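The block underneath contains the structure these notes are about, expressed in structure tokens.
Numbering (our numbering), first residue to last: 304 to 441.
Okay, structure coming up:
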């Protein structure tokens with residue numbers, strides 16, 4: 304119970320600080336956002352001609368996240384050195400018009416996540432797939 308109370312207090316303080324900077328395409332664990340809304344955006348994106356999907360999965364994010372990197376990014380917006388680490392995460396997909404573009408995006412995002420953010424990309428679950436199969440696989 305105490306753990307949940309602390310999490311809620313942190314959420315109430317940090318959500319107004321970080322949420323306005325999130326992309327409109329980000330749906331995971333955000334106020335007034337849902338999986339239903341994300342599914343509708345996927346459908347709209349596919350109808351606009353995006354035929355390939357880079358489906359990225361991070362391996363054991365909470366176990367592997369580099370807290371020094373995370374806290375340095377949090378510190379850019381939150382100046383209080385006493386706040387505890389707080390992370391919200393959901394897997395993500397990126398839509399492209401071609402297989403070749405998807406391969407370039409996959410490579411670039413993979414490199415950024417592993418080299419800059421020092422996260423572990425789950426290579427077995429991360430993939431490039433045609434967009435017509437993305438809804439069924441999620």
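Ideal Cβ positions, reconstructed from N, Cα and C, are used throughout, including at glycine. As the structure is a prediction and not an experimental result, all values here were calculated from the model.
Q. Just checking my contact of residue 424 with residue 413 at CB under 8 angstroms: how many whole Å lie between their CB atoms?
A. Along the chain shown, read from residue 1 onward, the residue named residue 424 stands at position 121. Along the chain shown, read from residue 1 onward, the residue named residue 413 stands at position 110. Confirmed, Cβ separation roughly 5 angstroms.
**Q.** residue 375 versus residue 312 - alpha carbon distance
**A.** Reading the chain shown from its first residue, position 72 is the one you call residue 375. Reading the chain shown from its first residue, position 9 is the one you call residue 312. Whole-angstrom Cα-Cα distance: 21 angstroms.
**Q.** Beta carbon of residue 348 nearer than 8 angstroms to that of residue 409
**A.** Your numbering for residue 348 matches position 45 in the chain shown. Your numbering for residue 409 matches position 106 in the chain shown. For residue 348 and residue 409, no; Cβs fall outside 8 angstroms.
Q: Tell me, please, which residues DSSP counts as bridged to residue 399.
A: Start at 1 with the first residue of the chain shown, and residue 399 comes out as number 96. Partner(s): 355.
Q) Are there 16 or more other CB atoms within 10 angstroms of the CB of residue 308, so buried, or fewer, so exposed? A) Within the chain shown, numbered from 1, the residue matching residue 308 stands at position 5. In the assembly as shown, residue 308 is an exposed residue. Its beta-carbon has fewer than 16 other beta-carbons within 10 Å.
(Q) With the cut-off set at 8 angstroms, would you say residue 401 and residue 355 are in Cβ contact? (A) Locating residue 401 in the chain shown gives position 98, where the first residue counts as 1. Locating residue 355 in the chain shown gives position 52, where the first residue counts as 1. Contact flag set, yes.
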